[in-house]
Structure formats: C-alpha cells, structure tokens
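A.B. asks: Mind looking over this structure? Questions follow.
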Amino acid sequence: MAALFDADRLSRCISCGFCLPACPTYAMTGDEASSPRGRITLMRALEAGRLDVDDPTLAEQASLCLGCRACEPVCPAGVEYGQLLEQWRGAQWQGRRRPLIVRALVLLVRLRPAHRLAGILRRAARRRADEADQLMLGCVERTLFPRVSRAALALAPGLAADPDQGCCGALHAHNGEPERGAALARRLGDDLPGTIVTTSGGCAAHLASVIGRERVREFSEYVQDQRFQPVLIDGRPARVTLQDSCHLRNGLGVWREPRRLLQSVADYVELPSAATCCGAAGTYSLVRPRESRALAKAKVAEIEAAGVDMVVAVNPGCLRQLRQALRRHRSRVRAVHLTEFLALSTKGPH
Ligand code: SF4
Ligand code: SF4
Numbered sequence: 209m210a211a212l213f214d215a216d217r218l219s220r221c222i223s224c225g226f227c228l229p230a231c232p233t234y235a236m237t238g239d240e241a242s243s244p245r246g247r248i249t250l251m252r253a254l255e256a257g258r259l260d261v262d263d264p265t266l267a268e269q270a271s272l273c274l275g276c277r278a279c280e281p282v283c284p285a286g287v288e289y290g291q292l293l294e295q296w297r298g299a300q301w302q303g304r305r306r307p308l309i310v311r312a313l314v315l316l317v318r319l320r321p322a323h324r325l326a327g328i329l330r331r332a333a334r335r336r337a338d339e340a341d342q343l344m345l346g347c348v349e350r351t352l353f354p355r356v357s358r359a360a361l362a363l364a365p366g367l368a369a370d371p372d373q374g375c376c377g378a379l380h381a382h383n384g385e386p387e388r389g390a391a392l393a394r395r396l397g398d399d400l401p402g403t404i405v406t407t408s409g410g411c412a413a414h415l416a417s418v419i420g421r422e423r424v425r426e427f428s429e430y431v432q433d434q435r436f437q438p439v440l441i442d443g444r445p446a447r448v449t450l451q452d453s454c455h456l457r458n459g460l461g462v463w464r465e466p467r468r469l470l471q472s473v474a475d476y477v478e479l480p481s482a483a484t485c486c487g488a489a490g491t492y493s494l495v496r497p498r499e500s501r502a503l504a505k506a507k508v509a510e511i512e513a514a515g516v517d518m519v520v521a522v523n524p525g526c527l528r529q530l531r532q533a534l535r536r537h538r539s540r541v542r543a544v545h546l547t548e549f550l551a552l553s554t555k556g557p558h
C-alpha cells in the first residue's frame, strides 16, 4: 500500500508531551487520544495498518481536532502537525467517510457562487495591474464580508484586486483534498503575480505553504509601517481586543503585527485566551457544532469580562464565529475585521 504520510514528518514526534497543555481538545476531554501526541499515535497505527480508516477512534479524532496548530510552536521536535492532519484527512475523509457538510461546502466553492455574488465588490475592485501587489479576495470573505476587502483597498490604495481570481484551496486542503488544495494555491499564485496580500489568516498560511512565504503578506504585516489616526468612540479611544487567527499565529508566526496596529490607534486589551481557537476552525462549527459553541461561549465570557467595545478578527471564519456567538449571548460588543476597524481611524471621531 502507498504511504499515507510523509515518513519524515510522521517519525519526527518524540512523544515528549510538551504539546498537550496547548491543545484545546485535550483540555476539553482529558483523553490522550484527543491530544496531538495521541493523534500522531493514531496516524502511525493507520500508516502501519494496525487500524483501518473505519476505526471509530480514528473517525472521531479526525473530526474533533480543530486543526488549530497550537501544538506546533510548542513542539521541540518541529512536528508539522498541520501537514500531518491534511494527509490524515486526505486518507480518512474519502467517499462516505467525509462529513456531508464538508462535501457540500467544497462543492459550493467548486461551483464558485461567490464570484457571482460579488457584484458590489467588483465595482470597487480595480482590474489587475501586473506591477501592483495583489489583494486576495477570498471565497468566503468576498461573499460574507465584502466590506473587509473594500476597507483593505481604501487603506492600501496601491493594491490591485482581480475580481476573477480563483480560490486558494485552503478549504480543500484542510478537509480531505490536500492535492487539490495545493493545485488551487499554485494556480492562484500563477494568476496573481508578485506579492499576494490577504485579509484571511487561514488563506495566508495555506497559500504561503504552497507558493512560498516570501510571496504572501497578511494585511497587518503589509500595513505595519503605516500610521493611522486614533479610533474614537464618544470622544474617547475605542477599547478593543484581538482574537488571533490560529493559522496566522501558529502557521505564519504573525501575531505581534495586528496588536501593534491596534495599540497605535486604540485602548488595547489582551484577552487571556487570544491565542486559543474560538471554535471557528474552518468547517469545524458545522462539523462539530457542540464543541465549537462551547469554545465560543468561553470566548464570549472573556470578551465580556474585558469590557471592550469591539473584538477584532483577522480571519473571516473567526469573524463569523464571534459575531454569531456575541449575538447568541446578547452581547453589546461588536466583532469587526482588522481592516474595518482601521478604516474607522481614517474617519476620525464618530
Ligand atoms: S510536542 Fe511535538 S514531539 Fe512532543 S509529543 Fe507533541 S508533537 Fe510529539
Ligand atoms: S491542531 Fe489544535 S486541536 Fe488539533 S491536535 Fe493540534 S492543538 Fe490539538
């Protein structure tokens, strides 16, 4: 049988357990199988044929894992857990074993309805100019949150935004189609020459892993040297907090940049669990709604305790998750994307 995993990646884990305290699903269950180390043991059993893909523990753990990659920065052996998870789901989530909702979502993106729904944004977007840095619009973001790209273009007017650009393939890569995910990223890299700027942490990390880190800039990195006016609410500095994007922080190591920007324009408060997944995790809120809501509930409690006006996200999935959770808990706190928040600063007091 052909290898399911890269042998080097799978063998790198030394079972030290340093990753266990960082893992949100291990914190939820206390079960070794729900930890990074436990899951790597399961992957090794799958690779060796000691377990087959229909094994219930394998099925449960493949979907319970958030794919947040919080286990990577703390790992002394440099285990690339995110890559292993993609390969695992590539083997595990085939045919009927793939969650139905995941199948439907990938199909939806394949049909590219987002492009038809993006009329408003298309009017705002400029045609591609080969010499300009390129703004990636993102399938989910351009459909659900077109204001995010509009704000990005207002803040960085030199960016080009090709309305016909395709999908980066992150959704596919994280949900059982790693080869297709990589092929889509390569195609997008070919379509958008030069530097690609993205307002989605998840897309940024996936794209960088395929076409190279040097070609990808997440928006907060891109504008980190710009100066913005303070954001005021009722004549006082807005009080804000940040929810990290897991892949942006754990995959690309970008977490200081959005904080510095927020600190420069607002009264910034750090959430104790800012670096911990909010439960959005790509398709997780659909595949594992109970666990996703539990994570979101804890997040809302922290946001409320922080006494902030707004919580800022740097990924559309997190933005959607936070907005829904804040609404569900009747919070007065607003969730906004970083670009939308920085765009407020250009308007001065409001
Ligand atoms: S920290 Fe790394 S090497 Fe240690 S158990 Fe976790 S994945 Fe394996
Ligand atoms: S990706 Fe997140 S949930 Fe999955 S094993 Fe790593 S830390 Fe745990």
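Numbers 209 to 558, taken from the numbering used here, label the letters of the sequence shown in order.
Glycine is no exception: its CB is placed at the ideal position from the N, C-alpha and C atoms.
Would you say the beta carbon of residue 223 comes nearer than 7 Å to a heavy atom of ligand 1?
C.D. replies: Sequence index remark: in the sequence shown, residue 223 carries index 15 (1-based). Yes, ligand 1 has a heavy atom inside 7 Å of this Cβ.
A.B. asks: Which residue from 340, 220, 264 puts its Cα closest to that of residue 285?
C.D. replies: Taking the sequence shown and counting its residues from 1, the one referred to as residue 285 is at position 77. Nearest of 340, 220, 264 to residue 285, Cα basis: 220.
A.B. asks: Is residue 294 helix, strand or coil when you go by DSSP?
C.D. replies: Stepping through the sequence shown from its first residue, residue 294 is reached at position 86. In the structure shown, residue 294 sits in a helix (DSSP, three-state: H, G or I).
A.B. asks: May I ask you to report which of helix, strand or coil DSSP gives residue 520?
C.D. replies: Your numbering for residue 520 matches position 312 in the sequence shown. Residue state, collapsed to three classes: strand.
A.B. asks: Can you check which of these residues, 492, 513, 516, is closest to residue 526 by C-alpha distance?
C.D. replies: To locate residue 526, count along the sequence shown from 1; it is residue 318. Considering only alpha carbons, the answer is 492.
A.B. asks: Between which residues of its own chain and residue 273 is the CB-CB distance below 7 Å, once the five residues before and five after are set aside?
C.D. replies: The residue you call residue 273 lines up with position 65 of the sequence shown. Answer for residue 273: 233, 247, 293, listed in chain order.
A.B. asks: Going residue by residue through the segment 445-470, where are the continuous beta strand (DSSP E) segments of at least 3 residues, counting only ones entirely within it?
C.D. replies: Segments of the beta strand (DSSP E) lying fully in the segment 445-470: 447-451.
A.B. asks: If we ignore side chains and look at the alpha-carbon of each, how far apart do residue 442 and residue 517 end up?
C.D. replies: Translated into the one-based positions of the sequence shown, residue 442 becomes position 234. Translated into the one-based positions of the sequence shown, residue 517 becomes position 309. Cα-Cα distance, rounded: 11 Å.
A.B. asks: Would you mind stating whether residue 413 and residue 451 have Cβ atoms separated by less than 8 Å?
C.D. replies: For the purposes of this step, residue 413 is taken as the residue at position 205 of the sequence shown. For the purposes of this step, residue 451 is taken as the residue at position 243 of the sequence shown. The answer is no: Cβ separation not under 8 Å.
A.B. asks: May I ask you to report which of helix, strand or coil DSSP gives residue 380?
C.D. replies: Looking up residue 380 in the sequence shown gives position 172. The answer is helix: DSSP assigns residue 380 an H, G or I state.
A.B. asks: According to DSSP, is residue 322 part of a helix, a strand, or is it coil?
C.D. replies: Position 114 of the sequence shown, counted from the start, is the residue given in the question as residue 322. Confidence at residue 322 is low in this model, with a pLDDT of 48, below 50, so its placement is unreliable and no value can be given for it.
A.B. asks: Residue 539 and residue 512 look like a contact to me (Cβ under 8 Å); what is the Cβ gap, rounded to whole Å?
C.D. replies: Indexing the sequence shown from 1 puts residue 539 at position 331. Indexing the sequence shown from 1 puts residue 512 at position 304. Contact holds; Cβ gap of about 6 Å.
A.B. asks: Would the segment 255-262 and the segment 433-447 be scored as touching if the rule is three or more Cβ pairs under 8 Å?
C.D. replies: No, because fewer than three Cβ pairs between the segment 255-262 and the segment 433-447 fall closer than 8 Å, the two stretches do not touch.
A.B. asks: Helix or strand or just coil, what does DSSP make of residue 159?
C.D. replies: Because residue 159 is not part of the residues shown, which for the chain are 209 to 558, the question remains open.
A.B. asks: Quick check: what's the CA-CA separation for residue 504 versus residue 487?
C.D. replies: For the purposes of this step, residue 504 is taken as the residue at position 296 of the sequence shown. For the purposes of this step, residue 487 is taken as the residue at position 279 of the sequence shown. One C-alpha to the other measures close to 6 Å.
A.B. asks: Which two residues bound the contiguous beta strand (DSSP E) that contains residue 217?
C.D. replies: Translated into the one-based positions of the sequence shown, residue 217 becomes position 9. Here residue 217 belongs to no beta strand (DSSP E); instead the alpha helix (DSSP H) covers 215-219.
A.B. asks: Would you call the segment 459-468 and the segment 416-432 touching, i.e. three or more CB-CB distances under 8 Å?
C.D. replies: Yes, they touch.
A.B. asks: What residue range is occupied by the uninterrupted alpha helix (DSSP H) comprising residue 250?
C.D. replies: Taking the first residue of the sequence shown as 1, we reach residue 250 at position 42. Segment 244-256, the alpha helix (DSSP H) holding residue 250.
A.B. asks: Counting C-beta neighbours from all protein chains within 10 Å, is the total for residue 386 16 or more, i.e. buried, or is it exposed?
C.D. replies: Here the question's residue 386 lines up with position 178 in the sequence shown. Flag for residue 386 reads buried.
A.B. asks: Let me confirm a value: residue 524 is counted as buried when at least 16 other C-beta atoms fall within 10 Å, else exposed. Which label applies?
C.D. replies: For this step, residue 524 is matched to residue 316 along the sequence shown. So residue 524 counts as buried.
A.B. asks: So the candidates are 476, 362, 366, 355; which of them puts its Cα closest to the Cα of residue 340?
C.D. replies: Taking the sequence shown and counting its residues from 1, one reaches residue 340 at position 132. Of the listed residues, the one whose Cα sits closest to residue 340 is 366.
A.B. asks: For residue 399, does the three-state DSSP call read helix, strand or coil?
C.D. replies: In the sequence shown, the residue the question calls residue 399 occupies position 191. Residue state, collapsed to three classes: helix.
A.B. asks: Assuming residue 411 contacts residue 392 under a Cβ cut-off of 8 Å, what Cβ separation, rounded to an integer in Å, is found between them?
C.D. replies: Locating residue 411 in the sequence shown gives position 203, counting from the first residue. Locating residue 392 in the sequence shown gives position 184, counting from the first residue. With 8 Å as the limit, residue 411 and residue 392 do not qualify as a contact, their Cβ atoms being about 11 Å apart.
A.B. asks: Starting from the C-beta of residue 240, find all residues in its chain whose C-beta is less than 6 Å away, skip the five residues before and the five after it, and write them out in chain order.
C.D. replies: The residue labelled residue 240 in the question sits at position 32 within the sequence shown. Excluding residues within five positions, the ones whose Cβ falls inside 6 Å are 246.
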